[in-house]
Amino acid sequence: MNLNIQDKNALVCGSTQGIGKASAMALAAEGVHVTLVARNEKKLQKVMAELPNNHQKHAYIVADFSDPIALKEKIASTDIAFHILVNNTGGPAGGAIFNATLEEFESAFTQHVKCNHVLVQGVVPFMKRVGYGRIINIISTSVKQPLDGLGVSNTIRGAVANWSKTLANELGVFGITVNNVLPGATDTERLHEIIKHKASKTGRTSEEVATMMMNASPAKRFARPEEVANAVAFLASEKASFINGINVPVDGGRTKSL
616 MNLNIQDKNA LVCGSTQGIG KASAMALAAE GVHVTLVARN EKKLQKVMAE LPNNHQKHAY
676 IVADFSDPIA LKEKIASTDI AFHILVNNTG GPAGGAIFNA TLEEFESAFT QHVKCNHVLV
736 QGVVPFMKRV GYGRIINIIS TSVKQPLDGL GVSNTIRGAV ANWSKTLANE LGVFGITVNN
796 VLPGATDTER LHEIIKHKAS KTGRTSEEVA TMMMNASPAK RFARPEEVAN AVAFLASEKA
856 SFINGINVPV DGGRTKSL
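Be aware that the sequence shown starts at 616, since it is given in our numbering, and climbs by one per residue.
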């Protein structure tokens, strides 16, 4: 299938590893000009050199998602106008919600809601002018089914999902779609951190925890980042023009709800 997004410009956040990097690679493979966003410049340079490039103009922006004002200024200073925005930020640390501190909630809200919002405010005016926009938020299946031991993440991901649905209702008339991709357990550094945390809390080995997590999915394995990225690329395309305001689980069937 030709996704027909060649020569579009995409801003892909958290794109030096995991699902963010895989999404950047998938979009670049479709002929998209990709701008990477992350805080580590050396890693950004490395990933940019790896992106598929058929006479495309890839770029990167060094930004820290703990500072939404600085992020807003970075986006405003670029001369690139974006058709596609992929919001993707590393999840909050694991732990029971009862023990979470106010600072943990505030930090997660800043990174996931405030930063998403300033990015949208930066890219939507151009999307409106050209009548084409794709905003894809990488969240979690926890917006459908809260995950044990991820109290702050469950809370904040739900906030992002409702923010996203509200945006979809407001922006659809302009040819802009806003959708959420909900990865299940995906073979990333973040997953391995979660596995180690659960192992330390339960007294099990990391291998035992990983096996239990894989067995929770009908597929009996973890997703590959590229499998999640395929959903991102499709939602970014013209082929997905009438898909708006939805959550798309990419979890091998693990989520119990429809």
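Note that the Cβ used here is the ideal one computed from N, Cα and C, for glycine as well. Since we're looking at a predicted model, the values are computed, not measured.
Item	Value
Whole angstroms is fine: what's the gap from F741's alpha carbon to N668's?	24 Å
Say whether the stretch 770-782 touches the stretch 721-735, bearing in mind that this needs 3 or more beta-carbon pairs closer than 8 Å, one atom from each stretch.	yes
I'd like to confirm the pairing. Which residues does DSSP put opposite R574 in its beta bridges?	Coverage of the chain is limited to positions 616 through 873, which leaves residue 574 absent and any answer about it impossible.
Measure the CB-CB distance between L626 and V662 and report whether it falls below 8 Å.	no
Measure the alpha-carbon distance for R749 versus R819 and round it to whole angstroms.	42 Å
Count the CB pairs spanning the stretch 855-871 and the stretch 825-834 that are closer than 8 Å, and state whether there are at least three.	yes
If we require 4 or more residues per run, which alpha helix (DSSP H) segments fall completely within the stretch 817-846?	821-830
Considering only the beta carbon of each residue, do P840 and T803 sit closer than 8 Å?	yes
From the DSSP output, in three-state form, read off I781 for me.	Here residue 781 turns out to be Thr, not Ile, going by the sequence shown. It is helical.
DSSP three-state call for I809: helix, strand or coil?	helix
Closest to R805 by C-alpha separation, out of T817, T631 and D694, would be which residue?	T631
With DSSP collapsed to three states, give me the class of G766.	helix
Counting contacts by CB-CB distance shorter than 8 Å, is V758 in contact with chain B?	As a matter of chain content, chain B is missing from the structure shown, which is built from one protein chain.
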